[in-house]
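Taking this note's numbering as reference, the numbering of the sequence shown is continuous, increasing by one, and the terminal residue is 508.
Don't be surprised by glycine CBs; every beta carbon is placed ideally from N, CA and C.
The structure presented is a predicted model; accordingly, all values stated were derived computationally and were not measured.
Report on the structure given below.
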Amino acid sequence: MTRLALAEALIVDVPTIRPHVLAMATMQSQAMVILRLVDSDGIEGFGEGTTIGGLSYVEESPESIKSAIDTYIVPVLQQLDISSVGAAMMAVGKAVRGNHFAKCAVETALLDLAGKRLGVPAAQLIGAGPVRTSLPVAWTLASGETERDIAEAQEMLERRRHRIFKLKIGKRDVADDVAHVAAICAALGPDASVRVDVNQNWSEAEALRGMAMLRDIGCDLVEQPVAGDDLGAMARLTLQGSVPLMADEALRGPRVAMRAAAANAAHVFAIKIAQSGGLHAAYDVASIAHAAGIGIYGGTMLEGGIGTAASAQAFASLPALEWGTELFGPLIQRDDILTEPLHYADFALAIPTGPGIGVTPDPDKLQFYRRDRSRSSHPVSQTGA
Ligand code: MUC
Ligand code: MG
Numbered sequence: 124m125t126r127l128a129l130a131e132a133l134i135v136d137v138p139t140i141r142p143h144v145l146a147m148a149t150m151q152s153q154a155m156v157i158l159r160l161v162d163s164d165g166i167e168g169f170g171e172g173t174t175i176g177g178l179s180y181v182e183e184s185p186e187s188i189k190s191a192i193d194t195y196i197v198p199v200l201q202q203l204d205i206s207s208v209g210a211a212m213m214a215v216g217k218a219v220r221g222n223h224f225a226k227c228a229v230e231t232a233l234l235d236l237a238g239k240r241l242g243v244p245a246a247q248l249i250g251a252g253p254v255r256t257s258l259p260v261a262w263t264l265a266s267g268e269t270e271r272d273i274a275e276a277q278e279m280l281e282r283r284r285h286r287i288f289k290l291k292i293g294k295r296d297v298a299d300d301v302a303h304v305a306a307i308c309a310a311l312g313p314d315a316s317v318r319v320d321v322n323q324n325w326s327e328a329e330a331l332r333g334m335a336m337l338r339d340i341g342c343d344l345v346e347q348p349v350a351g352d353d354l355g356a357m358a359r360l361t362l363q364g365s366v367p368l369m370a371d372e373a374l375r376g377p378r379v380a381m382r383a384a385a386a387n388a389a390h391v392f393a394i395k396i397a398q399s400g401g402l403h404a405a406y407d408v409a410s411i412a413h414a415a416g417i418g419i420y421g422g423t424m425l426e427g428g429i430g431t432a433a434s435a436q437a438f439a440s441l442p443a444l445e446w447g448t449e450l451f452g453p454l455i456q457r458d459d460i461l462t463e464p465l466h467y468a469d470f471a472l473a474i475p476t477g478p479g480i481g482v483t484p485d486p487d488k489l490q491f492y493r494r495d496r497s498r499s500s501h502p503v504s505q506t507g508a
């Protein structure tokens, strides 16, 4: 019987390398909940619960993730054998509704512990185990300035770090946004794939107009153009078919994914471990997509190294991943909280091969960036749109 000996959830604020301008928030820093579990044998497991823009993206915030873990989930874990990850997460699921980001942090830490105990990467504990060793990684251009975005993309191409670019739009008028995308497509040429993410900010009529214009300038994919809970509008836009439509905010776990697939509401699913409710739930969402003939993309909530390594472990085991991933979260942060950074080269992320999630946070960095210690030197600055 393996018991939980210690649980600690810290909110950690790390500044971004530049403002990251999304339709609903501009990020100057990223707030991550880093969870540390220690079992009765003294083994440590780490997890991460991270969202974007406070409460402007989903119904969970860094503060609510920490509170759900501390107040409701840890007492459940204290009652059981934490070496049975599936049974532990079933018990957590019965005691706590929703709270997908908090559950994802907990499942990650339990899988990290289980992998370390068994001496295998977490990917071995998901599906039938890993089917790939690296993941193509997109970069998001979101400085808010066209020329700066072009220079950034050209640098990424030269360094062979990224050749897939996601542009954040939806904040400005449709025509202005399309002009911005057109300038970037023209500057980068055929060597790059240019995609856009509207983060739900268009009406259906704007999306109809915008997507037709985006098709004409060579944009490859449109992510969540309209509200994620409007599967009807997403289905009509998918059927209209000017540019492939990718669902993101719509996907809140396997049940919703099933409804979205049945409604033909997307050509592609952006699968995120936190939004899905954990690594196994993400695997289930991907299975639904695969069975429905929907393409798969490995999404991010701009997690740091722990959440990104956990996502990589989950995506390692997906049978199909036609659209690549966007696991660049640690690279948008000014500092890396890991002892050994993740390895990015040749347009891809190498999937960590060590036991568990394969990465470890640096305790000194956690001390330095933890919110309850560093508020005066690193203020949280997630401004609204
Ligand atoms: C999103 O909506 O996809 C992913 C990359 C990025 O820049 O923002 C996130 C969130
Ligand atoms: Mg998105």
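- When rounded, the separation of the alpha-carbon atoms in residue 402 and residue 230 is 7 Å.
- Taking the CA atoms as reference points, residue 158 sits about 42 Å from residue 364.
- For residue 287, the enclosing beta strand (DSSP E) begins and ends at 287-291.
- For residue 424, the shortest separation between its Cβ and any heavy atom of the ligand MUC lies below 7 Å.
- In this structure, the straight-line span from the alpha carbon of residue 134 to that of residue 375 is close to 23 Å.
- Taking every residue with its beta carbon within less than 5 Å of a heavy atom belonging to the ligand MG gives, in chain order, 320, 346, 371.
- Residue pairing from DSSP places residue 257 in a beta bridge opposite 473.
- Counting C-beta pairs closer than 8 Å gives three or more between the segment 428-442 and the segment 151-171, which meets the contact rule.
- When distances are taken from the beta-carbon of residue 268 to the heavy atoms of the ligand MUC, even the shortest one reaches 7 Å or more.
- When secondary structure is reduced to three states using DSSP, residue 167 falls in the strand class.
- Judged by DSSP secondary structure, residue 431 falls outside any beta strand (DSSP E) and instead within the alpha helix (DSSP H) spanning 428-439.
- Within the DSSP bridge table, the entry for residue 157 names 133, 171 as partners.
- For the set 337, 308, 347, the Cα lying nearest the Cα of residue 325 is the one of 347.
- Of the candidates 305, 274, 161, the residue whose Cα lies closest to the Cα of residue 340 is 305.
- The beta carbon of residue 282 lies closer than 7 Å to none in the same chain, with the five residues before and after it left out.
- Setting aside the 5 residues that flank it on each side, residue 280 is surrounded in the same chain by 286, 311, 314, 315, each with a C-beta closer than 8 Å to its C-beta; the list follows chain order.
- Annotation: residue 449 to residue 140 spans about 17 Å, alpha carbon to alpha carbon.
- Going by DSSP, residue 418 is part of the beta strand (DSSP E) stretching over 418-421.
- By DSSP's assignment, residue 205 forms no beta bridge with any residue.
- Taken atom to atom, the span from the alpha-carbon of residue 214 to that of residue 480 is near 22 Å.
- Here the C-alpha atom of residue 255 lies approximately 23 Å from the C-alpha atom of residue 263.
- Residue 463 and residue 442 have their C-alpha atoms spaced approximately 28 Å apart.
- Boundaries of the alpha helix (DSSP H) harbouring residue 487: 486-492, taken from the DSSP string.
- When DSSP states are grouped into helix, strand and coil, residue 468 belongs to the strand group.
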